[in-house]
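Enquirer: Position in the sequence shown (from 1) plus 333 gives the number in the working numbering. Even glycine gets a Cβ: it sits at the ideal position worked out from N, Cα and C. A single structure is presented below for examination.
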Amino acid sequence: MIITYSCDNSLYINVTNRCTNSCDFCVRDHGDELYGNLWLEREPEVNEIIAALDAALYECKYKEIVFCGYGEPTVRLYDIFEVCKHIRSVSSSLPIRMNTNGQANLIWGRDVTPDFKGLFDTVSISLNSPYADKYQQVCHSEFGIEAHYSLIDFAQKLKEYVPNVLFSVVKDSIPDEDIKKCQEIADKLGVNLRIREML
Numbered sequence: 334m335i336i337t338y339s340c341d342n343s344l345y346i347n348v349t350n351r352c353t354n355s356c357d358f359c360v361r362d363h364g365d366e367l368y369g370n371l372w373l374e375r376e377p378e379v380n381e382i383i384a385a386l387d388a389a390l391y392e393c394k395y396k397e398i399v400f401c402g403y404g405e406p407t408v409r410l411y412d413i414f415e416v417c418k419h420i421r422s423v424s425s426s427l428p429i430r431m432n433t434n435g436q437a438n439l440i441w442g443r444d445v446t447p448d449f450k451g452l453f454d455t456v457s458i459s460l461n462s463p464y465a466d467k468y469q470q471v472c473h474s475e476f477g478i479e480a481h482y483s484l485i486d487f488a489q490k491l492k493e494y495v496p497n498v499l500f501s502v503v504k505d506s507i508p509d510e511d512i513k514k515c516q517e518i519a520d521k522l523g524v525n526l527r528i529r530e531m532l
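This is the structure:
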């Protein structure tokens, strides 16, 4: 069961396979050859995650720790916060990032953004489309088109508590004109837009 894996000198933490989206371009469909089998037999306990993390950090020096696997990390948000607190106790300088679909407030039924304070350096939110209906066509969220409106609101609120909040889109998954619209949304909110390559 792979809890941690490395990519580009970053240590990635895989905590769940559950996700509120079923995106057309998801790495779950073809990622095993890149990262190994990230399908979990079960969700690891917090102490198991910390043990795997400590072992990986002992073996190698990483530039960043990233919560990202085959599922949506925020379904285990408060377990992740516990792991972040451990990381901060071990190293105050090692950057921590989360890659998320931005639906945490819908998942938890309230505004969870204040709880991020002091734990993350970067949160990357998958925007994937400038339009709610097109987002749903591509990402198939269990929350319907509300997911798109919520992730934009999530990004705006999260800026108060996380130094670097950014949106991401996958190149070639949407038209170039839609990427330009995504850039406009990012600019309006005062966050960066990262264009990722299709795997």
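In the DSSP assignment, find the alpha helix (DSSP H) that holds Phe487 and state where it starts and stops.
Expert: 479 to 491
Enquirer: Should Gly477 go down as buried or exposed, given a rule of 16 or more other Cβ atoms within 10 Å for buried?
Expert: A residue is called buried when at least 16 other Cβ atoms come within 10 angstroms of its Cβ; Gly477 does not meet this threshold and is exposed.
Enquirer: Which value, in whole angstroms, describes the spacing of the CA atoms of Gly442 and Ala488?
Expert: 16 Å
Enquirer: Looking only at C-alpha atoms, which of Met334, Ile335, Cys352, Thr337 sits nearest to His473?
Expert: For the residues Met334, Ile335, Cys352, Thr337, the minimum Cα distance to His473 belongs to Cys352.
Enquirer: Going by the DSSP bridge assignment, what does Asp525 pair with across the sheet?
Expert: Just to set this straight, residue 525 is Asn in the shown sequence, not Asp. DSSP lists Leu499 as partners of Asn525.
Enquirer: My understanding is that Asn347 touches Gly402, with C-beta atoms under 8 Å, so please give their C-beta distance in whole angstroms.
Expert: With a Cβ gap of about 3 Å, Asn347 and Gly402 count as contacting.
Enquirer: Whose C-beta lies closer than 6 Å to the C-beta of Ser457 among residues of the same chain, with five residues either side of it excluded?
Expert: Asn432, Leu499, Ser501
Enquirer: Whole angstroms is fine: what's the gap from Val471's alpha carbon to Ile518's?
Expert: Distance from the CA of Val471 to the CA of Ile518, rounded to the nearest whole angstrom, comes to 18 Å.
Enquirer: On a CA-only basis, which of Ser462, Ser506, Lys504 is nearest Ile485? Give me that one, please.
Expert: Ser462
Enquirer: Between which two residues does the alpha helix (DSSP H) harbouring Phe414 extend?
Expert: 410 to 423
Enquirer: Between which two residues does the alpha helix (DSSP H) carrying Tyr391 extend?
Expert: 379 to 392
Enquirer: First and last residue of the beta strand (DSSP E) that includes Val456?
Expert: Segment 455 to 459, the beta strand (DSSP E) holding Val456.
Enquirer: Strictly by DSSP, which residues pair up with Thr433?
Expert: Ile458
Enquirer: Could you round the C-beta distance between Asn350 and Leu373 to whole angstroms and report it? I think they count as a contact, below 8 Å.
Expert: 5 Å
Enquirer: Do Gln516 and Ala480 have their beta-carbon atoms positioned less than 7 Å apart in this structure?
Expert: no
Enquirer: Report all residues from its chain with a CB closer than 6 Å to the CB of Asp357; omit the five preceding and five following residues, and keep chain order.
Expert: Val471
Enquirer: By Cβ distance, which residues of its chain are closer than 6 Å to Thr455, with the 5 residues on each side in sequence left out?
Expert: Correct list, in chain order: Arg430, Asn497.
Enquirer: Does Glu378 pass the burial test, meaning 16 or more other C-beta atoms within 10 Å, or should it be called exposed?
Expert: exposed
Enquirer: Could you pull the start and end residues of the beta strand (DSSP E) that Val399 belongs to?
Expert: 397 to 400
Enquirer: Reducing DSSP to helix, strand and coil, say where Leu344 ends up.
Expert: strand
Enquirer: Below 8 Å CB to CB, which residues in the same chain sit around Lys492 once its five sequence neighbours on both sides are set aside?
Expert: Closer than 8 Å at the Cβ level, and outside the excluded window around Lys492, lie Val498, Leu522, Gly523, Val524.
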